[in-house]
Amino acid sequence: MGLIHFIKYRKIFYLISGSLVALSIFIIVVFGLRFGIEFTGGTIIKIEYENTRPSVLEIKEKLREFPGITIQEKGNLGIILEMKEIPPETQFELIRKLKELGEIKEGSLSVETIGPVIGKEMRQKTLIVIVLSLFAVLIYIAIAFSKASRPVNSFIYGVMALIALCHDVIIPLGVFSILGKYFGVEITIPIITAFLFIFGYSINDTIVIFDRTRENLLKFSKENFDVILDKSLSQTLSRSLSISFTTLIPLFAIFFFGGETLKYFVLALILGISFGSYSSIFLAAPLVYSYFLFREKKKG
Numbered sequence: 158m159g160l161i162h163f164i165k166y167r168k169i170f171y172l173i174s175g176s177l178v179a180l181s182i183f184i185i186v187v188f189g190l191r192f193g194i195e196f197t198g199g200t201i202i203k204i205e206y207e208n209t210r211p212s213v214l215e216i217k218e219k220l221r222e223f224p225g226i227t228i229q230e231k232g233n234l235g236i237i238l239e240m241k242e243i244p245p246e247t248q249f250e251l252i253r254k255l256k257e258l259g260e261i262k263e264g265s266l267s268v269e270t271i272g273p274v275i276g277k278e279m280r281q282k283t284l285i286v287i288v289l290s291l292f293a294v295l296i297y298i299a300i301a302f303s304k305a306s307r308p309v310n311s312f313i314y315g316v317m318a319l320i321a322l323c324h325d326v327i328i329p330l331g332v333f334s335i336l337g338k339y340f341g342v343e344i345t346i347p348i349i350t351a352f353l354f355i356f357g358y359s360i361n362d363t364i365v366i367f368d369r370t371r372e373n374l375l376k377f378s379k380e381n382f383d384v385i386l387d388k389s390l391s392q393t394l395s396r397s398l399s400i401s402f403t404t405l406i407p408l409f410a411i412f413f414f415g416g417e418t419l420k421y422f423v424l425a426l427i428l429g430i431s432f433g434s435y436s437s438i439f440l441a442a443p444l445v446y447s448y449f450l451f452r453e454k455k456k457g
C-alpha cells in the first residue's frame, strides 16, 4: 500500500473525535448512566421452567403491576429477573404469578438480595480495577517503547494511547446513557466486562502501530517524524481494518440473532471495537506528532 498522509489531516480527525467526545460527555452529564442492581442494590430472582418457557413479552404482561423489572432469558428454559429490593411478601406474589405462566423446575428457584452497601463496594472495586488497568498499560508502553525515545519520550506514547482509549470508552458510554434514559438499558457487570475487553483490544491495535513506528525510527533514522508515522500507519492499515472487520461480522450476527440476553453486551463490543479501530489509526499516532510539534515550538 502506498503512503497515506494521515498526519496531514490530523486536525480533521481531532475535530471529529473532539465533537463526539464532547457530545457524549454532555449526554452523560444530562442523562446520567443507569447502573444495574449489581452496583445499586436490589433483588435477583432466577427460575427455570420445566417444559416451555414463556416469552419475555408474556412475562412483562403478567408482571405489569411490578414496575422496573429487567427480564433476561437464560439458556433454553431459564429466566433472570432483576429489580429494586422488594419485601418477602412481594417476592412471593411475583413468584406466584410466574408459576401461573408454566411449571417451574423443582430446585431451580433462587432469590438473591444485594444491599446498597454491597452495590457501592462493587462500584468502588470496578473503578479501582479500571484505574489500575490504565496505569499498567501506561507503564507497559513506556517500557516497551523505551528504544523509540527519539524524537519523543516513550512515556508520551503511553499517554496518547490512554487518551485514545478514553475516546473509545466515553463515546459508547454516551450511547448507553441515551439507551438508559429512553429504553431502560442498564450498565451491568457483563457490559463492564465488555469495556475491559475494549481496553485490551484498542491498546493492542495501538501498540501494533507504535511498534511499527519504533521499527521505522530505527530503519529510517534520517526521515522526518511525520513521514515515519505516515509510513507506519500505511503499513499497518490493512492489518488493522481486516482484524476489525472479521471481529465485527460475527458480533453483528450475534447482535441481530443472538437474543435479548447478549444484545447490549455485544453492542458495547461493537461500539468499542469500531471507535477503537478509528482511534488507533486516526488519533493515537497523530496525537504523538502534535505533542512533538508542541515541544519543538516550545524549544523555539
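Residues in the sequence shown are numbered from 158 upward in steps of one, following the working numbering. All C-beta atoms in this analysis are idealised placements derived from N, C-alpha and C, irrespective of residue type, glycine included.
Pair within 8 angstroms by beta-carbon distance, residue i and residue j
{"i": "Pro329", "j": "Phe432", "result": "yes"}
{"i": "Ile349", "j": "Thr418", "result": "no"}
{"i": "Asp387", "j": "Ser359", "result": "no"}
{"i": "Arg167", "j": "Pro347", "result": "no"}
{"i": "Ile364", "j": "Ile298", "result": "yes"}
{"i": "Ile204", "j": "Ile335", "result": "no"}
{"i": "Glu343", "j": "Phe192", "result": "yes"}
{"i": "Phe340", "j": "Gly276", "result": "no"}
{"i": "Val332", "j": "Leu428", "result": "yes"}
{"i": "Glu260", "j": "Asn208", "result": "yes"}
{"i": "Lys219", "j": "Glu257", "result": "yes"}
{"i": "Leu160", "j": "Ser389", "result": "no"}
{"i": "Ser434", "j": "Ser401", "result": "yes"}
{"i": "Gly272", "j": "Gly198", "result": "yes"}
{"i": "Val178", "j": "Ile327", "result": "yes"}
Environment of residue i [buried if 16+ CB atoms lie within 10 Å]
{"i": "Arg210", "result": "buried"}
{"i": "Leu255", "result": "buried"}
{"i": "Ser265", "result": "exposed"}
{"i": "Thr200", "result": "buried"}
{"i": "Ser397", "result": "buried"}
{"i": "Glu239", "result": "buried"}
{"i": "Ile296", "result": "exposed"}
{"i": "Val274", "result": "exposed"}
{"i": "Ala321", "result": "buried"}
{"i": "Ile300", "result": "exposed"}
{"i": "Leu172", "result": "exposed"}
{"i": "Phe302", "result": "buried"}
{"i": "Ser395", "result": "exposed"}
{"i": "Arg371", "result": "buried"}
{"i": "Arg253", "result": "exposed"}
{"i": "Arg452", "result": "exposed"}
{"i": "Arg369", "result": "buried"}
{"i": "Leu251", "result": "buried"}
{"i": "Gly315", "result": "buried"}
Nearest-angstrom Cα separation, counted from residue j out to residue i
{"i": "Pro308", "j": "Phe382", "result": "7 angstroms"}
{"i": "Ile411", "j": "Leu319", "result": "29 angstroms"}
{"i": "Leu374", "j": "Val187", "result": "45 angstroms"}
{"i": "Ile438", "j": "Val213", "result": "41 angstroms"}
{"i": "Thr404", "j": "Val423", "result": "11 angstroms"}
{"i": "Lys338", "j": "Gly189", "result": "8 angstroms"}
{"i": "Asn361", "j": "Ile430", "result": "11 angstroms"}
{"i": "Ile237", "j": "Ile216", "result": "11 angstroms"}
{"i": "Phe312", "j": "Leu180", "result": "29 angstroms"}
{"i": "Thr247", "j": "Phe352", "result": "35 angstroms"}
{"i": "Lys420", "j": "Leu408", "result": "10 angstroms"}
{"i": "Ser176", "j": "Tyr206", "result": "48 angstroms"}
{"i": "Lys379", "j": "Thr393", "result": "21 angstroms"}
Whole-number beta carbon distance between residue j and residue i, since they are thought to touch under 8 angstroms
{"i": "Phe354", "j": "Leu426", "result": "7 angstroms"}
{"i": "Tyr446", "j": "Ile194", "result": "Going by Cβ atoms, the distance from Tyr446 to Ile194 rounds to 45 angstroms, so no, they are not a contact pair."}
{"i": "Ile202", "j": "Val294", "result": "The pair is not a contact, with the Cβ atoms about 39 angstroms apart (cut-off 8 angstroms)."}
{"i": "Ile366", "j": "Phe377", "result": "Not confirmed; about 16 angstroms, so no contact."}
First and last residue of the uninterrupted beta strand (DSSP E) at residue i
{"i": "Leu160", "result": "Careful: Leu160 lies outside any beta strand (DSSP E) and carries neither H nor E."}
{"i": "Lys379", "result": "Looking at the DSSP string, Lys379 is not in any beta strand (DSSP E), and its letter there is neither H nor E."}
{"i": "Thr270", "result": "Ser267 to Ile271"}
{"i": "Ile236", "result": "Gly235 to Met240"}
N- and C-terminal bounds of the alpha helix (DSSP H) containing residue i
{"i": "Val423", "result": "Glu417 to Ser436"}
{"i": "Lys231", "result": "Segment Thr227 to Lys231 is the beta strand (DSSP E) holding Lys231; no alpha helix (DSSP H) there."}
{"i": "Thr200", "result": "Looking at the DSSP string, Thr200 is not in any alpha helix (DSSP H); the run it does join, the beta strand (DSSP E), is Gly199 to Glu205."}
{"i": "Glu327", "result": "This sequence places Ile at residue 327; Glu is not what is there. Ser311 to Phe340 is the extent of the alpha helix (DSSP H) around Ile327."}
{"i": "Tyr171", "result": "Arg167 to Phe188"}
{"i": "Ile258", "result": "The identity of residue 258 in the sequence shown is Leu, whereas the question assumes Ile. Neither: Leu258 is in no alpha helix (DSSP H) and is coded neither H nor E."}
{"i": "Pro443", "result": "Ala442 to Lys456"}
Residue i CB to nearest heavy atom of the ligand ZN below 7 angstroms
{"i": "Glu417", "result": "The model on display carries no ligand, and the ligand ZN is accordingly not part of it."}
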